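Visitor:
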Ligand code: SF4
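See the structure below:
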């Protein structure tokens, strides 16, 4: 993998559509089609787009796995083709996506977000959403592309402000961490309260219903447990719904990473890490792996069949 | 330099090596078990670690002042103190002290690995023996020390037994680790008595008394530094703390987080032997304080935390990436391994290689949870990426 090429690709996509994959902005909000939420309000549900982008992330990862050992010269030819297609007005990513991404795949991840929104509504929470919801910018930060990150989150902060929100509800650990900590290094007056949806549900005394397997093994996503300190929340919700929760050897603050964060630069290592962690989880006695993070979900899902396990997001186990 | 192909090929290959995986799996499982026992038996060690963090923070902020004190203390007690600005300086000082045609026994030391000191001394016509079992194996089997505490973490006992059978020409049992240690010890015994020079690093150094502290389990350090008439300690500048009391705290934290309920020996050396010249204890005590990038790093607000590292190895045992590639991460030319290894390499070695390897970090933060100093490796590694991405 060539860092210069990766940087260029990401910068071009960011310029085109404000996300590293070149997914059209607005796509991420389509989970809300047929539902009605206001676009302004004191409380905002901001998804950060990660769940919705899973099919694209997955495709991108597979694409890059092919590039992993490709020499930089070939990579730059591939980039040229991409550029050419662009100049002809063809959106290569969505073109590829429309062929590759099945409706079923897309629906699965949209449903997770819908399920979260429905649970919040049932719990009595009123919230607004953004019709052109922007991506959360985390990949730029991870890769050390701080200029891009800064521009991105400044715009995001402005857009959040425009909704009139004083409180933002997040749905994944990376967006939560970004809004709680990272954004503050770049946006001085970002003073909205940020809470994860699980905390909101618990605060409302919500009683979820079991819709998935009766027994699951819990995988604490690194950013949820270690960086946001959300550890008991998913356990409480699962137990309340009547699920039996098994603990793997490495859990809570010592949870093991799914490998997802290096899926773009070191895809083979990333799969190996997923495999190792999944075996650890399976050894707990349950083949039903439950995660609370879109990155864990997609990285595990890719290896699931091979290992004979099933992977669920917590919002596919309860509702 | 922007091309990561070589790095990913190196790491991929390591992750596919079944012997390496078995060795790592065993070592990590055993560490995790021991760590839980240690934390249960010595619950106060977490607070002690917080205290040590403060000692280290102060010490790194006062590096030059402490260095001055440390050098005075060494000289006052009849030893000789030196400052080496670069790795080359350090090798030159050692060269002047050792010369050629000598027998040298070495205690395991990452700082001398950083200097590639063994290779250098051999090239200069000396006979050099690593006396720690793990490091001894690495000397002959390579490719590098793969872990701070457990340098031969990549070798299975089966591999070790096979090597010893051939190298020593004796029968050894792969399941009898003690027996294998005893065989190596027997081989090394007369080396200690014939050695001209003993060389070690330091786990920590007390400025007030000019004392080197060395932790060990095999008593090899004790022998290799006290039997030869000349003793040289190579001390990274970040190892200096103000007092003996501080140093003892550091020692305890290193052993506990390294997974030891008890460490058999803690050696302290404060000066040359005073009685019965040559009977016991070295007649010459030389301490080389090594900069090699440390001073500069101590002034960098983000890199600085690397210097709090006690080299206990906890983060390496618990890092997911290390768990599948071991010390290949940070590169085979680096003395250091894992995420913290990339940071050390960036400071003391080859910045380019370190930068490329920095991209393999998951930023997952389990290292920080494992670390007694709570060093934020993701923050430092991301910063290394940032500096590079801004340039290309
Ligand atoms: S970074 Fe922390 S855990 Fe890792 S070796 Fe250093 S002190 Fe130990």
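Chains as they are written, first to last, in the working numbering: chain G, 1 to 319; chain L, 1001 to 1392. For every residue, glycine included, the Cβ atom is placed at its ideal position computed from N, Cα and C. Being a predicted model, the structure only gives us computed values, none of them experimental.
(1) So the candidates are G:156, G:110, G:173; which of them puts its Cα closest to the Cα of residue 292 (chain G)?
(2) According to DSSP, simplified to helix, strand and coil, what is residue 2 (chain G)?
(3) Determine the burial state of residue 133 (chain G): buried for a count of at least 16 other Cβ atoms within 10 Å of its Cβ, exposed for fewer.
(4) With H, G and I counted as helix, E and B as strand and the rest as coil, what does DSSP make of residue 244 (chain G)?
(5) For the pair the stretch 303 to 314 of chain G and the stretch 28 to 37 of chain G, tell me if three or more CB-CB distances fall below 8 Å.
(6) Does residue 1023 (chain L) get closer than 8 Å to chain G when you measure Cβ to Cβ?
(7) Where residue 1104 (chain L) and residue 1302 (chain L) are concerned, what is the direct C-alpha to C-alpha distance, given to the nearest angstrom?
(8) For residue 1020 (chain L), verify whether its CB is less than 7 Å away from any heavy atom of ligand 1.
(9) Since residue 1322 (chain L) meets chain G, which of its residues come closer than 8 Å, beta carbon to beta carbon?
(10) Is the stretch 142 to 150 of chain G touching the stretch 1019 to 1028 of chain L in the sense that three or more CB pairs, one from each, lie closer than 8 Å?
(11) Please compile the residues from chain L whose C-beta is within a distance smaller than 9 Å of the C-beta of residue 251 (chain G).
(12) Taking DSSP as the reference, what is the three-state secondary structure of residue 1267 (chain L)?
(13) Using a C-beta to C-beta distance shorter than 8 Å, which residues of chain L count as neighbours of residue 226 (chain G)?
(14) Could you check whether the Cβ of residue 1145 (chain L) sits closer than 7 Å to any heavy atom belonging to ligand 1?
(15) Cβ of residue 287 (chain G) within 8 Å of Cβ of residue 308 (chain G)?
(16) Comparing the CB of residue 1027 (chain L) with every heavy atom of ligand 1, is any distance shorter than 7 Å?
(17) From the beta carbon of residue 198 (chain G), is the nearest beta carbon of chain L less than 8 Å away?
(18) Would you please state the rounded distance, in angstroms, between the beta carbons of residue 256 (chain G) and residue 1320 (chain L)? I believe it to be under 8 Å.
(19) If we count the other Cβ atoms within 10 Å of its Cβ and call it buried at 16 or more, is residue 364 (chain G) buried or exposed?
(20) Can you tell me where the beta strand (DSSP E) holding residue 1082 (chain L) begins and where it ends?
(21) Would the stretch 8 to 22 of chain G and the stretch 102 to 116 of chain G be scored as touching if the rule is three or more Cβ pairs under 8 Å?
(22) With 8 Å set as the bound, which would you pick, yes or no: does the beta-carbon of residue 1011 (chain L) sit closer than that to a beta-carbon of chain G?
(23) Along chain L, which residues have their Cβ under 8 Å away from the Cβ of residue 269 (chain G)?
(24) Assign residue 103 (chain G) to buried or exposed, taking buried as 16 or more other Cβ atoms, counted over all protein chains shown, within 10 Å of its Cβ.
(25) From this set, G:279, G:250, G:262, which residue's C-alpha is nearest residue 1032 (chain L)'s C-alpha?
(26) Is the CB-CB distance between residue 1214 (chain L) and residue 1202 (chain L) below 8 Å?
(27) Please compile the residues from chain L whose C-beta is within a distance smaller than 9 Å of the C-beta of residue 254 (chain G).
(28) What did DSSP end up calling residue 1338 (chain L) once you bin it into helix, strand or coil?
(29) With H, G and I counted as helix, E and B as strand and the rest as coil, what does DSSP make of residue 976 (chain L)?
(30) Using beta carbons (cut-off 8 Å, strictly below), is residue 1028 (chain L) in contact with chain G?
(31) Can you tell me whether residue 1037 (chain L) is buried or exposed, with buried defined as 16 or more other CB within 10 angstroms of its CB?
(32) What span of residues does the alpha helix (DSSP H) with residue 1357 (chain L) cover, start to end?
(33) Does the beta carbon of residue 1044 (chain L) fall short of 7 Å from some heavy atom of ligand 1?
(34) Assuming the contact rule is C-beta atoms closer than 8 Å, residue 1358 (chain L) and residue 1314 (chain L) should be a hit. Round their C-beta distance to whole Å, please.
(35) Name the two residues that bound the continuous beta strand (DSSP E) containing residue 1200 (chain L).
(36) Say whether chain L places a C-beta atom closer than 8 Å to the C-beta of residue 60 (chain G).
Guide: Looking at the atomic coordinates:
(1) The candidate whose alpha carbon is nearest that of residue 292 (chain G) is G:173.
(2) If DSSP states are grouped into helix, strand and coil, residue 2 (chain G) belongs with the strands.
(3) It is buried - the Cβ of residue 133 (chain G) has at least 16 other Cβ atoms within 10 Å.
(4) The answer is strand: DSSP assigns residue 244 (chain G) an E or B state.
(5) Touching, no.
(6) Not one chain G Cβ lies under 8 Å of residue 1023 (chain L).
(7) Residue 1104 (chain L) and residue 1302 (chain L) have their C-alpha atoms spaced approximately 38 Å apart.
(8) The answer is no for residue 1020 (chain L).
(9) What residue 1322 (chain L) touches in chain G: nothing, since even the nearest Cβ is about 11 Å away.
(10) No: fewer than three Cβ pairs fall under 8 Å.
(11) Those do not exist, as residue 251 (chain G) stays about 12 Å from chain L at its closest Cβ, beyond 9 Å.
(12) Secondary structure of residue 1267 (chain L) (DSSP, three-state): strand.
(13) Within 8 Å Cβ-Cβ: 1364, 1365, 1366, 1368, 1369.
(14) Exclusion of residue 1145 (chain L) from the 7 Å shell around ligand 1 follows from its C-beta lying no nearer than that to any non-hydrogen atom of the ligand.
(15) In contact: residue 287 (chain G) and residue 308 (chain G) (Cβ atoms closer than 8 Å).
(16) Here the distance from the Cβ of residue 1027 (chain L) to the nearest heavy atom of ligand 1 is not below 7 Å.
(17) Residue 198 (chain G) does not count as touching chain L.
(18) Rounded to whole angstroms, the Cβ separation of residue 256 (chain G) and residue 1320 (chain L) is 6 Å, and the two are in contact under 8 Å.
(19) Chain G is shown from 1 up to 319; residue 364 (chain G) falls before or after that span and cannot be answered.
(20) For residue 1082 (chain L), the uninterrupted beta strand (DSSP E) segment begins and ends at 1080 to 1084.
(21) Short answer: they don't touch.
(22) Residue contact check for residue 1011 (chain L) against chain G: a CB pair falls below 8 Å.
(23) Taking a Cβ-Cβ cut-off of 8 Å, the neighbours of residue 269 (chain G) in chain L comprise 1008, 1011, 1012, 1015, 1321, 1324, 1325, 1360, given in sequence order.
(24) That one is exposed.
(25) Closest option to residue 1032 (chain L), Cα to Cα, is G:250.
(26) Yes, they are a contact pair.
(27) Result: 1032, 1318, 1366, 1369, 1370.
(28) Reduced to three states, the DSSP call for residue 1338 (chain L) is helix.
(29) The shown model of chain L, from 1001 to 1392, leaves out residue 976 (chain L), and the question about it has no answer.
(30) In terms of beta-carbon proximity, residue 1028 (chain L) stays away from the interface with chain G, with every pair separated by 8 Å or more.
(31) Label assigned to residue 1037 (chain L): exposed.
(32) That run of the alpha helix (DSSP H) goes 1351 to 1358.
(33) Residue 1044 (chain L) Cβ: outside cutoff for every heavy atom of ligand 1.
(34) The pair is not a contact, with the Cβ atoms about 20 Å apart (cut-off 8 Å).
(35) Segment 1197 to 1200, the beta strand (DSSP E) holding residue 1200 (chain L).
(36) No, because no Cβ of chain L sits closer than 8 Å to the Cβ of residue 60 (chain G).
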